[in-house]
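Data block below; observations after.
2 protein chains.
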Amino acid sequence: MNRSNDERADRSITRGVPGSDFLQLDIGEAPFGGRAAWLAERLRRAISEGRLPVGGRLPATRVLAAELDVSRGVVTEAYRRLSEDGHVTGRGRNGTVVVAAPVRPAPSPAPPRQASRGDLFTTEPGDDLLDLIRSAPARIDLSPGVPDLAAFPRAAWLRAEREALAGLSASGLGYGDPRGVPELRRAVAHWLARNRGIGAEPDEVIVVAGTAQALALVGQVLRADGVEEIAVEDPGSLGVRQQLGRQGLRTPPVPVDTEGVRVRELGGYGAVLLTPAHQFPTGVVLGGARRRALMDWAAAGGLIVEDDYDAEHRYDRPPVSALRSMLPERVYYAGSVSKLLAPALRTGWLLAPARHQDALVAAKRFADLGNAVLPQLVLARLMESGELERHLRLVRRRHRLRRDAMIAALRERIPGAVVHGAAAGLHLLITFPEPAGGAVRGDGATGFTDTGLAAACLARGVKVHPLSWHRQRPGPPGLLLGYAASPATAIAEGVAVIADALLDRPS
Amino acid sequence: MNRSNDERADRSITRGVPGSDFLQLDIGEAPFGGRAAWLAERLRRAISEGRLPVGGRLPATRVLAAELDVSRGVVTEAYRRLSEDGHVTGRGRNGTVVVAAPVRPAPSPAPPRQASRGDLFTTEPGDDLLDLIRSAPARIDLSPGVPDLAAFPRAAWLRAEREALAGLSASGLGYGDPRGVPELRRAVAHWLARNRGIGAEPDEVIVVAGTAQALALVGQVLRADGVEEIAVEDPGSLGVRQQLGRQGLRTPPVPVDTEGVRVRELGGYGAVLLTPAHQFPTGVVLGGARRRALMDWAAAGGLIVEDDYDAEHRYDRPPVSALRSMLPERVYYAGSVSKLLAPALRTGWLLAPARHQDALVAAKRFADLGNAVLPQLVLARLMESGELERHLRLVRRRHRLRRDAMIAALRERIPGAVVHGAAAGLHLLITFPEPAGGAVRGDGATGFTDTGLAAACLARGVKVHPLSWHRQRPGPPGLLLGYAASPATAIAEGVAVIADALLDRPS
Chain A
310 MNRSNDERAD
320 RSITRGVPGS
330 DFLQLDIGEA
340 PFGGRAAWLA
350 ERLRRAISEG
360 RLPVGGRLPA
370 TRVLAAELDV
380 SRGVVTEAYR
390 RLSEDGHVTG
400 RGRNGTVVVA
410 APVRPAPSPA
420 PPRQASRGDL
430 FTTEPGDDLL
440 DLIRSAPARI
450 DLSPGVPDLA
460 AFPRAAWLRA
470 EREALAGLSA
480 SGLGYGDPRG
490 VPELRRAVAH
500 WLARNRGIGA
510 EPDEVIVVAG
520 TAQALALVGQ
530 VLRADGVEEI
540 AVEDPGSLGV
550 RQQLGRQGLR
560 TPPVPVDTEG
570 VRVRELGGYG
580 AVLLTPAHQF
590 PTGVVLGGAR
600 RRALMDWAAA
610 GGLIVEDDYD
620 AEHRYDRPPV
630 SALRSMLPER
640 VYYAGSVSKL
650 LAPALRTGWL
660 LAPARHQDAL
670 VAAKRFADLG
680 NAVLPQLVLA
690 RLMESGELER
700 HLRLVRRRHR
710 LRRDAMIAAL
720 RERIPGAVVH
730 GAAAGLHLLI
740 TFPEPAGGAV
750 RGDGATGFTD
760 TGLAAACLAR
770 GVKVHPLSWH
780 RQRPGPPGLL
790 LGYAASPATA
800 IAEGVAVIAD
810 ALLDRPS
Chain B
310 MNRSNDERAD
320 RSITRGVPGS
330 DFLQLDIGEA
340 PFGGRAAWLA
350 ERLRRAISEG
360 RLPVGGRLPA
370 TRVLAAELDV
380 SRGVVTEAYR
390 RLSEDGHVTG
400 RGRNGTVVVA
410 APVRPAPSPA
420 PPRQASRGDL
430 FTTEPGDDLL
440 DLIRSAPARI
450 DLSPGVPDLA
460 AFPRAAWLRA
470 EREALAGLSA
480 SGLGYGDPRG
490 VPELRRAVAH
500 WLARNRGIGA
510 EPDEVIVVAG
520 TAQALALVGQ
530 VLRADGVEEI
540 AVEDPGSLGV
550 RQQLGRQGLR
560 TPPVPVDTEG
570 VRVRELGGYG
580 AVLLTPAHQF
590 PTGVVLGGAR
600 RRALMDWAAA
610 GGLIVEDDYD
620 AEHRYDRPPV
630 SALRSMLPER
640 VYYAGSVSKL
650 LAPALRTGWL
660 LAPARHQDAL
670 VAAKRFADLG
680 NAVLPQLVLA
690 RLMESGELER
700 HLRLVRRRHR
710 LRRDAMIAAL
720 RERIPGAVVH
730 GAAAGLHLLI
740 TFPEPAGGAV
750 RGDGATGFTD
760 TGLAAACLAR
770 GVKVHPLSWH
780 RQRPGPPGLL
790 LGYAASPATA
800 IAEGVAVIAD
810 ALLDRPS
């Protein structure tokens with residue numbers, strides 16, 4: 310059935326419709342057994358590129374089959390597919406006509422805003438600020454909030470996953486309880502009893518995709534309940550503030566001092582979000598008197614959202630028990646494995662006051678129908694076997710050594726800085742006293758801002774958070790320095806770079 | 310330092326404060342190295358249970374230490390903890406005084422509404438209806454929307470997980486891109502090109518926690534953009550309607566006939582959610598003429614949300630290409646692995662019109678900061694290695710046999726039923742013609758409702774969905790019968806039970 314090129318060209322011209330030459334079709338490219346699909350795809354492309362314009366006719370099936378040296382069924386099937394998906398119509402006297410071209414693919418969306426390093430620190434923090442700082446390249450990353458990820462128990466995880474897969478029934482792979490699998494809810498209840506002094510039934514535990522989702526769900530439920538604002542600690546987490554703001558909640562600041570949040574200043578508010586075990590970012594543990602005052606405030610009607618983000622990382626003594634343990638009816642409690650294992654697991658848990666439980670479960674259902682099952686089963690095994698506590702003991706030792714290395718480096722290189730929050734957690738806060746001190750030049754009129762300092766550090770390859778990102782009201786400049794994820798040598802080098810940036814800054 | 314019981318009792322009485330007998334303390338229960346923690350916990354419990362009332366004094370440290378036969382430091386440390394977490398105060402002349410008791414734990418929240426079987430089918434469907442039917446026990450589960458879960462490729466999954474863990478850098482376990490890991494976004498782009506005729510860049514793909522989350526995010530973005538209603542197919546998925554309703558969107562019905570949604574009736578609406586490849590629940594494939602009319606409607610300003618929920622499960626021929634491939638600027642596209650692998654994976658993908666991309670990424674960021682990383686890497690490997698397509702070929706064969714078994718059983722046992730949607734998918738729809746037919750008694754005044762029929766089936770141990778759950782406007786009664794997850798014997802038995810229930814129903 311091979312025909313010469315001349316014959317083909319001639320035929321196309323005489324029939325007034327394009328032939329396969331015009332379409333640049335080479336049947337040799339078609340995969341075995343997939344000729345009709347291949348031909349349909351090529352024709353779609355030709356329509357999309359305007360080579361087969363809307364209103365134009367396709368070659369008769371007989372003709373195209375002959376030109377391509379394929380059976381006519383291949384062409385008929387390809388045309389059928391084009392007809393079925395709406396590109397062409399008709400098979401009568403007038404042949405098959407192109408009736409719809411796909412709109413030209415728009416240019417791909419702009420890649421996510423790659424702020425220049427200057428932008429990142431000089432413009433008002435946008436919703437994507439924390440994404441941008443995370444993805445900014447740096448030689449040494451001293452961002453706060455990340456544990457020693459190199460220590461992630463990969464072998465134990467894989468072992469637990471094998472067991473979980475082996476033990477899982479087929480129906481366990483279907484749609485499930487939006488609150489999470491019973492195994493993990495039980496393991497979390499046990500964990501909270503052992504480590505956080507909380508007595509909770511497995512049925513009360515809602516497994517969530519990390520604290521970010523916990524706050525989104527709580528925010529939704531509170532908004533639906535008429536709550537319009539939730540006070541937050543100041544300084545306090547920018548990410549938390551953004552998260553609550555996204556749910557339409559205002560986040561008025563309440564000052565934090567050396568005893569934690571100033572409970573007296575909560576008077577006018579109906580709800581507050583707190584990090585009582587280890588205040589972010591100052592590291593203060595809420596004092597006993599303040600806890601009592603807070604309990605009185607809550608018992609009188611105040612609602613508390615307890616973000617228990619890294620309570621387990623206390624170095625000097627066991628952590629204080631959670632507020633939730635004192636007043637379960639007034640406290641939403643959120644915890645996660647982001648600081649225990651890895652943020653990439655996106656797994657956490659939420660306890661709600663009993664009267665809000667149903668609304669919370671509904672919020673989780675409509676968020677995503679519940680967390681993925683396999684990682685829940687794996688985590689449940691790690692928690693119930695004691696593996697997670699073993700891991701925590703291991704990393705706590707490593708974290709403490711790194712913290713000590715950072716404190717030593719700071720004393721040596723930046724003696725004028727005040728170090729806060731060393732007793733627990735994964736980061737230090739350093740602040741720079743006001744000008745009077747002399748060791749470090751002042752801020753304000755002299756132009757020394759912590760954002761400028763952080764920008765100078767990043768320009769030198771060291772990533773840190775400026776304290777002012779995590780502030781609503783003005784205060785002395787400072788930096789958040791994560792130590793848990795970096796070896797001691799990197800910490801020493803990072804601190805040296807910060808010291809250089811401090812000396813070089815424009816006066 | 311052992312003292313007799315008499316001495317202890319005497320001491321407690323003379324000092325007017327409770328001793329360890331009263332507290333029922335037995336130091337033998339304390340774990341080695343954890344005596345202070347144990348003691349603090351016991352004292353908290355005693356406070357919580359009222360055995361140590363607010364205002365009461367704790368025994369002097371010296372006294373309690375002697376009674377328990379422990380060093381005084383153990384008691385001092387326990388008291389310090391109680392002080393730190395706000396249970397007690399003072400150490401002066403008046404001793405240590407209980408100042409705050411935890412509020413008694415409220416009774417656990419009621420377990421999730423366990424509707425009696427009658428309730429489930431007779432009351433107005435609530436937000437938790439699909440949870441309730443899912444958790445209702447049944448001998449044979451013919452719920453729609455679930456693939457053959459017994460075929461889940463456990464060995465391949467575990468192998469891919471091992472490789473993913475081995476190849477993952479420490480920083481890969483930190484916080485990541487809210488759109489998902491690049492590996493999976495690339496794999497999805499390739500999958501969509503191969504299987505759905507969609508040309509998308511990996512940067513356009515947003516990995517989400519299943520279609521439920523995709524709809525929640527799209528709903529949020531549309532609401533924020535001023536959209537107040539989104540038309541839906543009728544019959545159409547109840548779950549989808551609930552999901553959009555949760556975002557504050559009205560969901561007016563547009564009728565579906567044998568060519569799919571009646572595009573002409575879309576006139577007054579600005580947005581529509583469609584299942585064009587295999588309409589849920591009727592199984593109709595949107596006809597070519599309708600596709601063209603829909604493209605015209607969209608090009609004139611209409612917005613389409615394409616829920617491509619089971620396009621890959623076509624038995625007679627390759628699936629039609631996605632609407633997204635024709636008009637990327639007007640189509641949100643949502644797909645997932647729920648029907649390809651398992652719903653429990655809670656993983657899907659979303660493509661947005663370019664101008665909505667940033668808003669969608671922000672919505673995903675504030676939903677949960679992005680999907681968990683490990684399962685994404687595993688899935689990317691299964692998709693890029695061809696494992697997923699192999700799996701799909703395997704289950705497609707099994708599903709087709711099960712479909713055939715169901716059709717045969719229906720022909721034999723319920724010949725009066727009309728079978729819809731056999732060409733593709735994981736379920737059949739059967740409807741019962743109006744009384745004129747005679748083979749099946751009519752509905753309405755005679756009391757034959759599909760909810761009543763489904764209730765009768767469940768009472769006999771067979772779980773099915775009544776069509777009316779997935780309807781907004783009235784229509785003939787029907788049942789949705791999932792076949793993919795059940796072996797042929799169970800299918801035959803299930804259909805026999807439905808036939809019995811039909812015969813027995815009150816006339």
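Heads up: the protein sequence lines correspond to chains A and B, in order. Going letter by letter, the first sequence gives residues 310 to 816 in my numbering. Going letter by letter, the second sequence gives residues 310 to 816 in my numbering. Using N, Cα and C, we set each Cβ at its ideal position, and we do this for glycine too.
#1: Once you ignore the five residues that flank Tyr-388(B) on each side, which residues in its own chain have a CB closer than 7 Å to its CB?
#2: Tell me the DSSP bridge mates of Glu-376(A)?
#3: Out of Gly-535(A), Tyr-642(A), Ala-498(A) and Leu-553(A), point me to the one whose CA is closest to Val-541(A)'s CA.
#4: For Leu-439(A), I'd like the list of residues in its chain whose CB is within less than 6 Å of its CB, leaving aside the five on either flank, ordered along the chain.
#5: Quick one: what does DSSP say Asp-566(A) is sitting in, helix, strand or coil?
#6: Output needed in chain order: residues of the region 371 to 400 of chain A with a Cβ under 9 Å from some Cβ in chain B.
#7: Under 7 Å between beta-carbons, which chain C residues line up against Gly-535(A)? List them in chain order, please.
#8: From the beta carbon of Leu-649(B), is the nearest beta carbon of chain A less than 8 Å away?
#9: For a quick check, are the C-beta atoms of Val-771(B) and Gly-725(B) less than 8 Å apart?
#10: Could you give the first and the last residue of the continuous beta strand (DSSP E) run that contains Val-804(B)?
#11: Would you say the region 707 to 721 of chain A touches the region 516 to 527 of chain A, given that touching needs at least three Cβ pairs under 8 Å?
#12: Quick one: using the 10 Å Cβ neighbour count with 16 as the cut-off for buried, is Ala-620(B) buried or exposed?
#13: Using 8 Å as the limit for Cβ to Cβ distance, is Trp-778(A) near chain B?
#14: Taking the DSSP output, what are the residues bridged to Trp-658(A)?
#15: Determine whether the Cβ of Leu-493(B) lies closer than 8 Å to any Cβ atom of chain A.
#16: Out of Ala-345(B), Gly-382(B), Ala-339(B) and Gly-395(B), which one is the CA nearest neighbour of Ile-356(B)?
#17: Can you confirm whether Val-682(A), when its beta carbon is compared against all beta carbons of chain B, has any partner nearer than 8 Å?
#18: For Leu-636(A), which of Leu-654(A), Ser-645(A), Arg-600(A) and Leu-649(A) has the nearest alpha-carbon?
#19: State buried or exposed for Val-704(A), treating a residue as buried only when at least 16 other CB atoms are found within 10 Å of its CB.
#20: Hey, could you find the ends of the alpha helix (DSSP H) Leu-352(B) is sitting in?
#21: Would you list, in chain order, the members of the region 614 to 643 of chain A that have their beta-carbon closer than 7 Å to a beta-carbon of chain B?
#22: Report all residues from its chain with a CB closer than 7 Å to the CB of Pro-418(B); omit the five preceding and five following residues, and keep chain order.
#23: Go ahead and pull the three-state DSSP assignment for Arg-780(B).
#24: Report yes or no: is there a C-beta of chain B within less than 8 Å of the C-beta of Ala-415(A)?
#25: Check whether the Cβ of Trp-347(B) lies closer than 8 Å to any Cβ atom in chain A.
#26: Please decide whether Phe-757(A) counts as near chain B, where near means a Cβ-Cβ distance under 8 Å.
#27: If we cut at 8 Å on Cβ distances, does Met-604(A) have a partner in chain B?
#28: Quick check: Thr-656(A) and Val-490(A), are their CB atoms within less than 8 Å of each other?
#29: 8 Å is my cut-off, CB to CB: does Arg-344(A) come that close to chain B?
#30: Run through the region 520 to 600 of chain B for me and flag every whole beta strand (DSSP E) of 3 or more residues, listed as ranges in chain order.
#31: Please name the residue or residues paired with Pro-775(A) in a DSSP beta bridge.
#32: Identify the continuous beta strand (DSSP E) that holds Leu-613(B) and give its terminal residues.
#33: Can the beta-carbon of Thr-798(B) be found closer than 8 Å to that of Ser-777(B)?
#34: Less than 7 Å between the CB of Asp-813(A) and some heavy atom of the ligand ADP, yes or no?
#35: Under the rule that 16 or more other beta-carbon atoms within 10 Å means buried, what is Glu-513(A), buried or exposed?
#36: Taking only beta-carbon positions, decide if Gln-552(B) is within less than 8 Å of chain A.
So, to answer that:
#1: Correct list, in chain order: Leu-367, Thr-370, Val-397 and Thr-405.
#2: DSSP, once it has assigned bridges, lists no residue as partnering Glu-376(A).
#3: Leu-553(A)
#4: Same-chain partners within the cutoff: Gly-548.
#5: DSSP places Asp-566(A) in strand when its eight states are reduced to three.
#6: Flagged, chain order: Glu-386, Arg-389, Arg-390, Leu-391, Ser-392, Glu-393, Asp-394, Gly-395, His-396, Val-397 and Thr-398.
#7: The structure shown contains no chain C; the protein chains it does contain are A and B.
#8: no
#9: 8 Å or more divides the Cβ of Val-771(B) from the Cβ of Gly-725(B).
#10: That residue, Val-804(B), is in no beta strand (DSSP E); its alpha helix (DSSP H) goes 797 to 813.
#11: no
#12: buried
#13: no
#14: Val-516(A) and Gly-644(A)
#15: no
#16: It is Gly-395(B).
#17: yes
#18: Check the Cα spacing between Leu-636(A) and each of Leu-654(A), Ser-645(A), Arg-600(A) and Leu-649(A): the tightest is with Arg-600(A).
#19: Under the 10 Å beta carbon count, Val-704(A) is surrounded by 16 or more other beta carbons and is classified as buried.
#20: It spans 344 to 357 - the alpha helix (DSSP H) in which Leu-352(B) sits, taken as one unbroken run.
#21: Pro-627, Val-629, Ser-630, Ser-634, Met-635, Leu-636, Pro-637 and Glu-638
#22: Annotation note: pLDDT 46 at Pro-418(B) (below 50); position unreliable, no value reported.
#23: coil
#24: Note that Ala-415(A) scores 44 on pLDDT, short of 50, meaning its location in the model is unreliable and no value can be drawn from it.
#25: no
#26: no
#27: Among the CB atoms of chain B, one or more fall inside 8 Å of the CB of Met-604(A).
#28: Contact flag unset, no.
#29: No, because no Cβ of chain B sits closer than 8 Å to the Cβ of Arg-344(A).
#30: 540 to 543, 562 to 566 and 580 to 583
#31: Leu-788(A)
#32: Just to set this straight, residue 613(B) is Ile in the shown sequence, not Leu. Segment 612 to 616, the beta strand (DSSP E) holding Ile-613(B).
#33: no
#34: The ligand ADP is not part of the structure shown, which contains no ligands of any sort.
#35: buried
#36: Judged by the 8 Å Cβ criterion, Gln-552(B) is in contact with chain A.
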